[in-house]
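Protein chains in written order, with our numbering: chain A, 1 to 307; chain B, 1001 to 1626.
Scroll down for the structure; my scribbles are underneath it.
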Amino acid sequence: MASSVTGFLKRAIREPLVHFLAIGAALFVLNGLINGPDEGPTGETITISEGRVNQIAESFILLSGRLPTREEVESLVDDFVSEEVGYREAVAMGIDADDTIVRRRMRQKLEFLIEDGAASDQPTQAEMQAWLDKHADQYHLPERRAFRQVLLSADKRGAGAARDADAALASLRSGADPAKLGDSSMLPAAAPLTTQEGVTGLFGTDFAAAAFAHQGEGWFGPVASPYGQHLINVSSIEQGRPVALSEVADRVSADIVESRRNEARDAFHARMRQRYHIRIEWPDPWKDLPATPDPAPKTKSTPEVGE
Amino acid sequence: MKRLALAVCAAALLAACGGQGEAPAAQNEQPPVAERPAANPLKNAYFGDTHLHTRNSFDAYIFNVRASPDEAYAFAKGGTIKHALGFDMKLNSGPLDFLAVTDHSEYLGVLPAIDTPGDPYAAVPYAKDLFSKDPKQVNTAFRKFGDALRTGKRMEEFADLRTVKSAWHDIIESAKKNYEPGKFTTLIGYEFTSAPEGRNLHRNVIFSGDSAPELPFTALESQNPEELWKWMDQQRTNGFEALSITHNGNGSDGTMYERTMWNGQPVDRAWAELRARNEPLAEVTQVKGTSETHPLLSPNDEFAGFEIMEWYIGSTTPVTKFDGGYVRKALKDGLELEAKVGVNPYKFGLIGSSDTHNAAGSYEEDSYHSKVGIQDGNPERRGSAPPEGKTWANYKPADNTMRFSTWGASGLAGVWAPENTREEIYAALKRKETFATSGPRIRVRFFAGYGIGSSPITTDEGVKNAYANGVAMGADLIGKADGKPDFQVMAMRDAHSAPLQRIQVVKGWLDKNGKAQEKVFDVACSDGGKIDAKTQRCSDNGAKVDVKTCAYDQDKGDAEISAVWSDPEFDPKLNAFYYARVLENPTCRWSTWDANRLGIEPNPDLEKTIQERAYTSPIWFISTKS
């Protein structure tokens, strides 16, 4: 019996539903504290209602999996009384107002409370397609190119590399075997389909720019790099293309959920700001900054990695 | 088209398709986003970082770092993320090929929990002090945890491990999600943060697969690394293969590579086997300095004084014992111990990594952001600029700022592997076909073998021959009664860094009296330079850097250098190891870049220039006698 209860609890701890219920219970408690059936937070009388005691007992059951004993429930309620009294006194003394941690947590809790549960719903296929269409740039697959290259090494040929490259280019254009031309190197003689960023990493900026700007077939060059002069033959091009939803469904879904949450939070802050006239008195070096803040500040999204 | 899909499956899912005999059809419902490049039997160099911290590490969170494992992967893949001080960080030299997120396993995820309203941990009385923007208060908070770690006792308020479990789960999930076979490899890992009395015995533990044990084995279970290795043995029988990597021996006060066991007894055979089996790699360069060798240990190596760090980790306690803290000496001790107990406990390969706590490695001198969040995120806090209103004439960095000023923009782990998959990257780490760099992507190959010198590795044919008839870095070369082995080494510069100046071979050997010796040979010089037979050094290539602008000579040094070398002092009867060290031309150190950007003088107590470098794993020569 005991082990099956433990087993149940272990499973329960991992259950999203239990997480949901626990968070729900926490919210309920919080909501009760602010708006609940008990006396307002400034009254002289403190009544711990039946409902409150039941809540405390239920939290205990949720955490321990059993009913609290008489002693336990008494001690829990007593602890709650201390908490309630302490809280009222602390707020009355205003010690929450100048405490940055308390202020920050109040804000966090507020944001947590207004977070719309529906924001986390799995987006529909149609929503995802619409999102992908609207943000096509973000999911666009970049162009990739495969190429061969022949190096005329600056180490070996010095300033003569450019002249030798011209001669080698003429040979290549008349059908010479590229494997027999140029200097051996740790650089690959042939690169598979690679993005411009990838080519830049190995060959440097100028080489990559030239390889990706080139139009047309056959050998061209010379193109300079930190290694010397190169002749390049672009062997295949895979055009950049938009992706299909099936290729990025998980990413799109996560991005939509994040965006919805941010929107909900931003809208909430914008509404709250409308209740106040806010004026910022900028000191000297910043005097030219605007005296009223952005009425609708936007949450920044997590970084997107360009392909 | 069908054939292509099958080929992609064969490459992408080698284990899954082959091992379990599953039909690949189910895996192919989604069209392949991009065709995988074919595996290269001659292997490619891949660069990565096996040592990185995110918000889940107790110290990183205290340093105001909020970036998650997902953001760390985004940065490594070429994305832009925010520093704790709010500025953007991005890799100028392009994305990395692989990354392991290795958060401190002790109190993993606990600080974010303390900072989460409603979490039971949020109730700790000192919660408020932990999340300050003031570097001094941050330091006090950090000490609370740092001191607790030194004792190895779990703070009792964090006895419930649900938070650790959940953070560990997130790390594993993030590694799964961010893995792109053929393009970017993620490795599951963590840092075992043992520091008895502050002496650094930290290790990174890296798992081979896409899953890991339910909880990591931490220094709160035991500070004794022997217990970690035994746990790793146990996990291996449970199907979780892993390796561990030592780091910052330089901060261990001589305890990282000792000649005795935890109980004080001399090293025995079983201990040597246990260590060698589990710990095939050492991190030789990172932000907190170099652990290759120290000038006092290698007085005849004039390049030994590179980014030396002489403090305990996270403290201004000075290190007093260098012997036992540096890898070259450990490799030598390994030869001596092997002669005594029959197994070499210190037969490890070399890698570099960053140890960044910003979720983003700082590998580039010209865009340095150091590693501990708001603690060292600007030049004043890391000692490269005096505070407002002061000059170097009336200000000298002290305490942490002084420590930070000696840190470096380093390092990277290089591996040679046929393709960029988790299986292949891990296999390369395990067989030690690895190299370390101090930041730039210097590529270096190193082989040894009898008769391989006739086909230089400057061509594919030569590389093929070297693999077929010789051994690569990290391996043993079994001696023959006659003849001398050839060594082949070749290095290529980073297109985004300076040209190369020279390649050296560092040799360690057991002399006739059983005493380990060392010697550094220059084996390849840039600019057609010659090696002096007496000094074994290249002639000076005269490369200079203008410290006012950080511009350096473009016409000095080489893009690639190579050598076929044989040891002029070779003795087939003596055990030895050889590793290659590649030196760049001098360039500005990060502290000089910082000063130039601000238009001030560089800190006069710091080196203005450095010579970036790469180190290969050793090749061990096993003499005919043994």
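Cβ coordinates follow ideal geometry from the N, Cα and C atoms, glycine included.
Query                                                                                                                                                                       : Result
Using a C-beta to C-beta distance shorter than 8 Å, which residues of chain B count as neighbours of Gly204 (chain A)?                                                      : Ala1495 and His1496
Roughly how many whole angstroms lie between the Cα atoms of Glu281 (chain A) and Glu1380 (chain B)?                                                                        : 28 Å
Between which two residues does the alpha helix (DSSP H) harbouring Thr200 (chain A) extend?                                                                                : Gln196 to Phe203
What are the boundary residues of the beta strand (DSSP E) that includes Gly1414 (chain B)?                                                                                 : Leu1412 to Ala1417
Spell out whether any CB of chain B is found under 9 Å from the CB atom of Ile101 (chain A).                                                                                : yes
What residues from chain A crowd round Phe1446 (chain B), counting only those whose CB sits closer than 9 Å?                                                                : Those do not exist, as Phe1446 (chain B) stays about 13 Å from chain A at its closest Cβ, beyond 9 Å.
Check each candidate in A:Leu245, A:Ala170, A:Ile256 and A:Asp266 and name the one with the smallest Cα separation from Ile114 (chain A).                                   : A:Asp266
So, at 7 Å on beta carbons, what are the nonlocal neighbours of Ala165 (chain A) in its own chain, with the 5 sequence-adjacent residues on each side left out?             : Leu152, Gly221, Pro222, Gln229 and Leu231
Is the separation between the beta-carbon of Val77 (chain A) and that of Ile56 (chain A) shorter than 9 Å?                                                                  : yes
What residues are listed by DSSP as bridge partners for Asp1546 (chain B)?                                                                                                  : B:Ala1551
Between which residues of its own chain and Leu1574 (chain B) is the CB-CB distance below 6 Å, once the five residues before and five after are set aside?                  : Trp1509, Leu1510 and Ser1623
Counting C-beta neighbours from all protein chains within 10 Å, is the total for Gln1504 (chain B) 16 or more, i.e. buried, or is it exposed?                               : buried
When you compare each of B:Glu1214, B:Leu1215, B:Gln1234 and B:Leu1149 to Glu1197 (chain B) by their alpha carbons, which one comes out closest?                            : B:Leu1149
Arg1581 (chain B): which of B:Gln1517, B:Ala1491, B:Val1065 and B:Ala1551 sits nearest, CA to CA?                                                                           : B:Ala1491
Starting from Leu245 (chain A) and walking both ways along the alpha helix (DSSP H), at which residues does that stretch end?                                               : Leu245 to Arg273
When DSSP builds the beta bridges, which residues end up paired with Thr1080 (chain B)?                                                                                     : Looking at the DSSP assignment, Thr1080 (chain B) forms no beta bridge with any residue, so it has no partner.
Under 8 Å by Cβ, that's how I've got Asn1044 (chain B) and His1496 (chain B) pegged, so tell me the actual separation to the nearest angstrom.                              : Not a contact, Cβ separation roughly 18 Å.
What are the partner residues of Gly1048 (chain B), as DSSP defines its beta bridges?                                                                                       : B:Phe1098 and B:Ala1413
For Lys1512 (chain B), does the count of other Cβ atoms within 10 angstroms reach 16, so buried, or fall short, so exposed?                                                 : exposed
When the Cβ atoms of the stretch 270 to 280 of chain A are set against those of the stretch 292 to 300 of chain A, are three or more pairs found closer than 8 Å?           : yes
Apply the 10 Å Cβ neighbour rule to Ile312 (chain A) and answer buried if 16 or more other Cβ atoms are within range, or exposed otherwise.                                 : As displayed, chain A neither begins before 1 nor continues past 307, which places residue 312 (chain A) out of reach and without an answer.
For a test of the three-state rule: what should DSSP assign to Arg1589 (chain B), helix, strand or coil?                                                                    : coil
Using beta carbons (cut-off 9 Å, strictly below), is Gly182 (chain A) in contact with chain B?                                                                              : no
With DSSP as the reference, identify every bridge partner of Gln1611 (chain B), one or two as the case may be.                                                              : None; Gln1611 (chain B) has no bridge partner.
Please list the terminal residues of the continuous beta strand (DSSP E) segment that includes Thr1434 (chain B).                                                           : Thr1434 to Thr1437
Please report the distance separating the alpha-carbon of Ala1113 (chain B) from that of Thr1193 (chain B).                                                                 : 20 Å
Would the beta-carbon of Gly1342 (chain B) fall within 9 Å of that of Gly1439 (chain B)?                                                                                    : no
What are the start and end residues of the alpha helix (DSSP H) that includes Thr1151 (chain B)?                                                                            : Pro1135 to Thr1151
Please classify Tyr87 (chain A) as buried or exposed, where buried requires at least 16 neighbouring CB atoms within 10 angstroms.                                          : exposed
Look up Val77 (chain A) in the DSSP assignment and say whether it is helix, strand or coil.                                                                                 : helix
Apart from the five residues just before and just after Ser1617 (chain B), which ones in its own chain have a Cβ nearer than 6 Å to its Cβ?                                 : Gly1349, Leu1350, Lys1432, Thr1434, Met1473 and Gly1474
Since Ser1410 (chain B) and Thr1285 (chain B) should fall inside the 8 Å C-beta cutoff, what is the C-beta to C-beta distance between them, to a whole number of angstroms? : 5 Å
Since Ala90 (chain A) and Arg260 (chain A) are thought to touch, with beta carbons under 8 Å apart, how far apart are those beta carbons, to the nearest angstrom?          : Wrong, their Cβ atoms sit about 36 Å apart, outside the cutoff.
To the nearest angstrom, how far is it from the Cα of Ala1559 (chain B) to the Cα of Ile1442 (chain B)?                                                                     : 10 Å
For the stretch 1099 to 1132 of chain B, list the beta strand (DSSP E) runs that are entirely contained and at least 3 residues long, ordered along the chain.              : none
Determine, for Gly1453 (chain B), whether the minimum Cβ-Cβ distance to residues of chain A falls below 9 Å.                                                                : no
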